[in-house]
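Here's the structure we're looking at; comments come further down.
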Amino acid sequence: MTVQDLWLKRDDFKIYGKYYCPDEGTGKLPLIIMSHGFRGSHLGTQVYAQAAYEAGYAVYSYDFVGSGDGSAKQSEGDFLDMSVLTQAKDLEAVLIQLRERPEIDSNRVYLMGESQGGFVSAYVAGKIPDQIAGLVLLYPAFVLQDDAKKRVEAYDNGPQATIVMGTQIGAIYNQDALSFDIYQVLAGYRKPVLIVHGDSDKIVPLAYSERAQASYHQAQLLVLPGAGHGFHGQDIQRATQAMLTYLADREGGE
């Protein structure tokens, strides 16, 4: 079993991530690609990556282009050029490259994302459903389109650079967020989905995941009482166990 740095590419940008690879044993491995939230890094999903790795899954936990933990090892690019659609391109590029690895079973690739990474994972799964075996969403940021609409309405000249959660974003962020209806995209993914969300989330209210559950054909919504945006302590344990149970069910063909 190994954990190593793995650099991939999207266009001219290098993408940094941690690749967790168990021993193959007698067959190829299922893969989980984990995507972090707004202004986050691969560190945001490492506890889930470690748990999945120990359960026998290969995992790639990476930084979106323009994001990272501030260390020398992080993805290239400018955060101001980031949007949910550029991040979808990042994820799709990562998916293509990892599916080609000899130890990976390309028919058993799962996506998992937290917050905005959940939004992006859900978008990609809806666009290329045949390539995604399963989907796990932790407090997915389906609120971001409504938030973008409010920001744009505050200006007479449409989408432009502004501040989100104390961080400057480029005009492309609002523009791309408003270029489609995420709930229509969700309906394109017909396989079982797991959503985990806290009922005390002040950043992404639970109602957005409830609407997502209704948009999917087969979705389980696990509500964590008292949990906010980002899990801690026992909530991490509950989310991790729910993820592992869901994955085991998918692997078993249930």
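First residue of the sequence shown? That's 1 in UniProt numbering, and the numbers climb one at a time after it.
Just so it is clear, CB atoms sit at the ideal spot from N, CA and C, and this is done for glycine as well.
Please read these numbers as outputs of a predicted model, since none were measured by experiment.
Annotation: Gly166 is outside any alpha helix (DSSP H) and is labelled neither H nor E by DSSP. For Gly118, the closest alpha carbon among the candidates Ser71, Ala141 and Pro129 is that of Ala141. Spanning the alpha carbons of Thr45 and Asp12 requires a straight line of approximately 25 Å.
When the alpha-carbon of Ala177 is set against those of Ala88, Phe38 and Val84, the nearest one is in Val84.
Partner residues in the beta bridge of Val196, as assigned by DSSP, are Leu138 and Leu222.
Of Ser75, Ala219, Tyr57 and Ala52, the smallest CA-CA separation from Asp5 is found for Ser75. As the crow flies, the alpha-carbon of Leu247 is around 20 Å from that of Gln234. Around the beta-carbon of Ala227, 16 or more other beta-carbon atoms lie within 10 Å, marking it buried.
If you ignore the 5 residues before and after Ala219, its C-beta comes within less than 8 Å of the C-beta of Pro192, Val193, Leu194, Ile195, Ala212 and Gln213, all in its own chain and listed in chain order.
A residue is called buried when at least 16 other Cβ atoms come within 10 angstroms of its Cβ; Ser179 does not meet this threshold and is exposed. Annotation: Gln131 is outside any alpha helix (DSSP H) and is labelled neither H nor E by DSSP. By the neighbour-count criterion, in which 16 or more other beta carbons inside 10 Å mark a residue as buried, Gly70 falls on the exposed side. In the DSSP assignment, Met112 falls within the unbroken beta strand (DSSP E) covering Ile104 to Glu114. Rounded to the nearest whole angstrom, the C-alpha separation of Gly66 and Leu222 is 31 Å. One alpha carbon belongs to Val152, the other to Asn174, and they sit about 7 Å apart. Residues Gly66, Gly170 and Ile172 of the same chain have their beta carbon placed closer than 7 Å to that of Asp81, with the five preceding and five following residues left out of the count. When DSSP reads this structure, Tyr20 sits in a beta bridge with Val3 and Val59.
Comparing alpha carbon positions, the residue from Lys127, Ala55 and Glu92 closest to Tyr189 is Lys127. Assigned with DSSP and collapsed to three states, Arg190 falls in coil, not helix or strand. In terms of Cβ geometry, Phe64 and Asp105 do not form a close pair [threshold 8 Å]. In this structure, Leu8 is the residue among Gly27, His217 and Leu8 with its C-alpha nearest to the C-alpha of Ala93. Looking only at Glu100, Ser215 and Pro102, the smallest Cα-Cα distance to Ala187 is reached by Ser215. Distance between Ile203 and Cys21, taken at the CA atoms: about 34 Å.
Going by DSSP, Met34 is part of the beta strand (DSSP E) stretching over Leu29 to Ser35.
With fewer than 16 other beta carbons inside 10 angstroms of its own, Gln237 counts as exposed. Between Ile96 and Leu111, the C-beta gap is not smaller than 8 Å, which leaves the two residues out of contact.
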